[in-house]
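Chemist: Here you go, one structure.
In the numbering used here, the protein residues as written are 58 to 274.
Written out as C-alpha cells, the structure is:
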C-alpha cells in the first residue's frame, strides 16, 4: 500500500466517526477521551479532500441495558444479550449535550448519518452495522456504494473502539480506507497502539494528517 494514490475526488468520502461531545472533556461525566475536542480542524480538513461527507453518532436510550451501576461497574461483561458485551457509563443519550456533534462540526454538512445503539439491548461499536455480529446494516456501506465511492478517509472517536470497528467494516466491504491519525484520539495508549497495528495489518492506510493524505494524489 506504500504506492497508494488517491482516486479522483468524486470517488472519495470522508467519515466522521462518533465525533460527539460525549467522548470529549466537554462531558466529563460520560466517556471523555483526552483531547477528543481537538479533532475538529483535521476532520474539516479531510472533508475538503472528498466529494461526500458522512458521519456516525451513538444515539442511546436512557433505559439501555448496558448502563453501568454499582452492581455492574463499567467495562464488566454482560451476559444474556447477544448484542451487548460490556457495561458502560451512561453516554450519548439522545436529547442531551453528549449526543451533539463537537462544536465546529456542521450537522448540515453530512450527506448521511448513521445513528447506532438506539435499541436498549444493542451497543454496537462500528458505524456500519446495528449489531455486534455485523449482520444488520445501518445503510452506510450501501450509501457509499450508491454514490460510487471507492476510498474513505476516516477520523473520529475513539481510535481503539468505534473508529477501529468502523474502519475494519469499511475495509471488509471493499473500500480503500485511509485513517487520518490526527483526526482521532484513543482511550488508552496500549489499546490505541494495538488498534493501529490491527488496522494496518488489515490493509488500512495510516496517515499522519490531512496534509499527508493530500500528498497521496
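Just so you know, even glycine gets a beta-carbon here, dropped at the ideal spot from N, CA and C. Bear in mind the structure is a predicted one, so any value in this text is a computation, not a measurement.
For residue 84 and residue 118, I'd like the C-alpha separation in whole angstroms.
Modeler: C-alpha separation (whole angstroms): 17 Å.
Chemist: Taking a contact to mean a Cβ-Cβ separation below 9 Å, would you say residue 77 touches residue 159 in this structure?
Modeler: The answer is yes: Cβ separation under 9 Å.
Chemist: First and last residue of the alpha helix (DSSP H) that includes residue 116?
Modeler: No alpha helix (DSSP H) contains residue 116, which DSSP labels as neither H nor E.
Chemist: Under the DSSP definition of a beta bridge, which residues are partnered with residue 212?
Modeler: Note: residue 212 sits in a beta bridge opposite 73.
Chemist: Alpha helix (DSSP H) containing residue 229: first to last residue?
Modeler: First-last of the alpha helix (DSSP H) with residue 229: 221-229.
Chemist: Expressed to the nearest angstrom, what Euclidean distance is found between the alpha-carbon atoms of residue 129 and residue 197?
Modeler: Spanning the two alpha carbons is a distance of roughly 33 Å.
Chemist: Where does residue 93 land, buried or exposed, given buried means 16+ other C-beta within 10 angstroms?
Modeler: Residue 93 is buried by the Cβ-count criterion.
Chemist: Is the region 181-197 touching the region 149-158 in the sense that three or more CB pairs, one from each, lie closer than 8 Å?
Modeler: With a cut-off of 8 Å, the region 181-197 and the region 149-158 do not count as touching, because too few Cβ pairs lie within range.
Chemist: DSSP three-state label for residue 267, please.
Modeler: Residue 267 falls in the helix class under three-state DSSP.
Chemist: Here's the rule: buried if 16 or more other CB atoms are within 10 angstroms of the residue's CB, otherwise exposed. What is residue 232?
Modeler: Looking at its Cβ environment, which holds 16 or more other Cβ atoms inside 10 Å, residue 232 is buried.
Chemist: Quick one: residues in its chain with C-beta nearer than 6 Å to the C-beta of residue 170, no 5 flanking neighbours on either side, listed in chain order?
Modeler: 112, listed in sequence order.
Chemist: When you compare the CB positions of residue 264 and residue 102, do they come within less than 9 Å of one another, or not?
Modeler: No; because the gap between Cβ atoms is not below 9 Å, this pair is not in contact.
Chemist: Just to confirm before moving on: does the CB-CB distance between residue 144 and residue 132 stay below 9 Å?
Modeler: Yes, they are a contact pair.
Chemist: By DSSP, does residue 144 sit in helix, in strand, or in coil?
Modeler: Coil.
Chemist: Expressed to the nearest angstrom, what Euclidean distance is found between the alpha-carbon atoms of residue 110 and residue 182?
Modeler: In a straight line, the C-alpha of residue 110 is about 20 Å away from that of residue 182.
Chemist: Using the Cα positions of residue 121 and residue 81, report the straight-line distance between them to the nearest angstrom.
Modeler: Approximately 21 Å between the Cα atoms of the pair.
Chemist: Given a cut-off of 9 Å on the beta-carbon distance, is the pair residue 269 and residue 243 in contact?
Modeler: Not in contact: residue 269 and residue 243 (Cβ atoms no closer than 9 Å).
Chemist: For residue 60, is the classification buried or exposed, using 16 other Cβ atoms within 10 angstroms of its Cβ as the cut-off for buried?
Modeler: Exposed: under 16 other Cβ atoms inside 10 Å.
Chemist: Buried or exposed, going by whether 16 or more other CB atoms sit within 10 Å of the CB of residue 136?
Modeler: So residue 136 ends up on the exposed side.
Chemist: For residue 212, which option in 204, 202, 227, 200 has the closest C-alpha, if you only look at C-alpha atoms?
Modeler: Considering only alpha carbons, the answer is 227.
Chemist: Figure out for me which residue from 230, 221, 142, 238 has the closest Cα to the Cα of residue 201.
Modeler: Closest by alpha carbon: 230.
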